[in-house]
Structure formats: structure tokens, C-alpha cells
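So for the sequence shown, the working numbering puts the first residue at 23; every next one is plus one.
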Amino acid sequence: MSKSLTSPEWFDRAQLSIPGGVNSPVRAFRSVGQSPRFIARGQGSHLWDEEGCEYIDFVGSWGPLILGHAHPVVQEAIVKAASSGWTYGAPTTGEVELAEQICRLVPSVEKVRLVSSGTEAVMTAIRLARAFTGRDLIIKMDGCYHGHSDGLLVQAGSGLLTNGLPDSAGVPEGYARLTLSCPYNDTDTLESLFQQYPDQIAAVIVEPVAANMGVVPPLPGFLAALRRLTQTNGALLVFDEVITGFRLALGGAQQVFSVQPDLTTFGKIIGGGLPMGAVGGKRAIMDQLAPLGPVYQAGTLSGNPLAVAAGRATLAILEQNPAIYLHLEQQASWLAEQIRSASARNSIPVTVNRCGSLLSLFFCPGPVNHLEQAKTSRTDRFSQFFTSMLAQGIYLPPSNFEAWFLSAQHSEEDITRTAEACATSLQELNSRGM
Ligand SMILES: *Cc1c(COP(=O)(O)O)cnc(C)c1O
């Protein structure tokens, strides 16, 4: 029998056939100076790598796994769906029921179209906004990430931030020019953009709680100001709830902050860990989509039966167990408090930003309310911290600018162990004089 390969050996091998060895850049662990663990298995809140090392997982596949890995009810739904075949390219009843479920849980969504990723959902939302308003420009907030389509790779967060690329090669200047950028939480700049480009702005797109430059919650009144400014200027407001949808509450960030957008994009949780996204909103806007209207959009695997089954099962569990949200809130808030006090004890300035089950650490005094402040985080400290946490069996997002995701399966013991590991890691930073 041949000896099985370790993660670093797999990574070497992967790099021969896959660019950078990964199928999504942040997985490569480059910003923390490490090589990625190849994951063999996930169960509940835990992961095991190819070497058999066990971790408490705070990545959760970057958001979808609010119920943890391999949830038995979701698993059963996928297996059951697969037993009848897995794609037909024709309508299925599950799609109708999932659409109804989304419209019921998110009142601003009167109609919804299913797609296969968050990127696609956002692309379609922007196209709809342009068609509906007859305008070309869009405004996005610096550090918000909306997937990898051309017009949105401008001042974007997530892997782009980590890799230090303000933009991407291969994006025509003409595309990027149609995207105006504005600092997050900055209502004054937004107002002046509307003055500068009267009757030209189709939409403002925003993550209602930013979670791709680390977690940056909206300041009080910010989302309401976006609603007011878009309305008075004839532009649409698009909430990108690919992360926050069904995570902060059943009705997403729009429920938590009581602001209703015109269009909403979903992803991650609605597919229960299988590939899915969705765009939804007001009927009059959504009816612009083909085959009813002139806005073209299509997808071979859109509404895929397995993804629909996983999504429906996930949403049903969340709907039947609203206490999950309370549990997540309590666990995350306790963890944040523990980290804050460990930071004070060890004289390592850390700003812990948190909203519901999303949190992140910035290694700077704070506050962190927008991208420029986020960038003052000492990423060298984060790398040390990350490495120390991994060695203690805690699997964090391998970038300072990504959110930690808690799941309903994180036990009190998981969270206590994590808080202890954080304290140890901060103490190590302190004793190294870093
Ligand atoms: C992940 C993400 C996307 C892109 O979704 P994909 O499924 O990766 O294409 C878009 N917007 C936000 C806010 C995201 O976090």
C-alpha cells in the first residue's frame, strides 16, 4: 500500500494542475504564510484534515453552513433528492416551494429567481437595476465584495483585499468606470456622488453588514440614509445579503435594521452548502426578467434539485428553531467579550467587530467603521495569531479580512476552548514583544 500524502504534499501536487493549487484564491493560505490543510471530513462544528488532525471550524465553508457540517436532516434531503435523478432542465415543485419560502421569510422579496452562485445573483441584480432605471452607473462601497463579475471588482474586499489587488487585471477600464466607489458608513460622500451624477445612478449596492473586509456593521442611520438617498434620486437600493441572509435573522439584515431594499441577493445559506444563489425583490422589477421582460438571464443548472433540497431543508430547520439565532448571538457575544478582555490583559490592541454570528478581529485600537480603518490592522500580528490558533486546533479564516462564522453546532465547550486558545495566542504575541 502506498503511503498517503500529507496536506503539503497534496498542495505541491495540486499546484501542477490547478493555478495556485486552489479553486478560490483565499483557500491558499498565502496571506498567513502557511500552506492549506486538505480537508477530509466535516461533522458538526469540527473538521478533520488528511493527516487526521481535528479542528473547531470557524470558516463554515465561508458562510453556508449555519447548521454545521453534514447535518443529518439536510443530508437526508440531498440523498432523497438524488435518488430521483439530479437535474432535468425543467421546472420542479421544490423550486416553487423554495421561492415561496424565501418570499414569506423576506417581505421585501415578492418574486425571486434562483441561480447557481452569489456572483450570478449580483450580476443579475445590477442588470435589472440598469434596465429598470434606464441608467448605467452604480455605486458600491469600498471593501464590500459582491462576487467576481467585472463591474464589481472595484475597491472590493475578500480575497482581493488579502492579495493586495485593488482591482483585477482583465477588467476593461470602461466597465470599472461605470462603478463609483464610496467609503462604507459615509453618507456625506454618497450624497455628493448623487449630486455629481444626477439622474445617472441606477443603483447603490451594499452589504448591509459588511463581512468581506472583516466584519464592519453599519453605523446607526447609515442604511436608512441609503434608503432615503436612493429613493429621492430615483435609484434602486440593492442589499447583497449573500452572507447576512438567513444568518442574522430569518429575514436577514433588512429585518434586523428595518430597512427594505428594492432588490436583494442571496447565496451561501440558501443552498445549504450546495451551489445556489438568488435574486429577488419588488414584482415590477423582477418581472423585467426573461421570459416576461427584456432582461436576459438563464442557467443550465439554475434551481438544481439537489441544491434546492439542501436549501429547503436548511431554511425549514431555521424556521422551526428560531432559538438558533439566540444561541448564535449569545455564543458569539460571549466569545467577543472574552477576546476583548484577553486583549486588554495582554496589552495587544484588538478591535472585535461583531454582528450576530459574524465576528472578526482587527489588530488595531479601533474603531473600525470602514475600509481605511480596517487596513490599519497589523496583519503580521494576525498571521502569528492565526498560526498559533491552528496549532491549537482552531481553524479560522486564513485572512485578517474575512469573517469568522459560528454555526448552530458550536457547543459551549467549543466556544470555551476557542476563547482559551485566543487568550493563549494573544499572550504569545505579547511575550514575543510583537
Ligand atoms: C460570497 C459572496 C458573494 C459571491 O458569492 P459566490 O457564491 O462566491 O459567487 C457575493 N456577495 C457577498 C456579500 C459574498 O459574501
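All C-beta atoms in this analysis are idealised placements derived from N, C-alpha and C, irrespective of residue type, glycine included.
Tell me residue i's beta-bridge partners as DSSP assigns them.
i	result
F288	A300
Y77	L69
S138	Per DSSP, none; premise fails for S138.
R63	W70
H432	According to DSSP, which records beta bridges pairwise, H432 is partnered with nothing at all.
W4	Since the first and last residues shown for the chain are 23 and 456, residue 4 lies out of range.
V317	L311
K133	G303
G294	L296
H91	G66
Compare the Cα-Cα distances from residue i to each of the options and report the closest residue.
i	options	result
A104	L328, A332, A430 and K397	L328
C166	F261, S57 and L323	F261
G192	S365, I346 and L175	L175
C75	T209, S324 and T28	T28
A153	S67, A312, S139 and G295	A312
F407	G243, M456, L380 and K162	M456
Q352	V118, A224 and L428	L428
G295	A332, I339 and G267	A332
P344	S405, F268 and R400	F268
M163	A335, M235 and V95	M235
When the Cα atoms are used, what is the spatial distance from residue i to residue j?
i	j	result
P230	Q277	11 Å
D436	I78	7 Å
N207	S369	29 Å
Q97	D158	43 Å
Q395	G388	7 Å
G64	E73	14 Å
R439	L241	32 Å
M145	S171	7 Å
G378	Q360	16 Å
T286	A246	16 Å
E213	L380	29 Å
F33	N45	12 Å
S410	S447	6 Å
G321	R135	11 Å
H392	L357	23 Å
L150	M308	8 Å
A233	T155	28 Å
A198	L258	19 Å
L187	K102	The predicted position of L187 is uncertain, since its pLDDT is 47 and thus under 50; no value can be drawn from it.
V48	D189	16 Å
E142	G169	8 Å
Please confirm whether any heavy atom of ligand 1 lies closer than 8 Å to the CB of residue i.
i	result
A99	no
V330	no
E142	yes
H349	no
D221	no
A345	no
N234	yes
S91	The sequence as given places His at residue 91; Ser does not occur at that position. No.
W84	yes
Y167	yes
D262	yes
G302	no
T287	yes
K162	no
G325	no
I88	no
G333	no
I292	no
I148	no
*At 3 residues or longer, and completely inside the stretch 143-196: list those beta strand (DSSP E) runs for me, N to C.*
159-163
*Entirely within the stretch 358-417 and at least 4 residues each: give me those alpha helix (DSSP H) ranges in chain order.*
393-396 and 401-413
*List in chain order: all unbroken alpha helix (DSSP H) runs of 4+ residues lying wholly within the stretch 192-277.*
Segments of the alpha helix (DSSP H) lying fully in the stretch 192-277: 195-198, 209-218 and 244-254.
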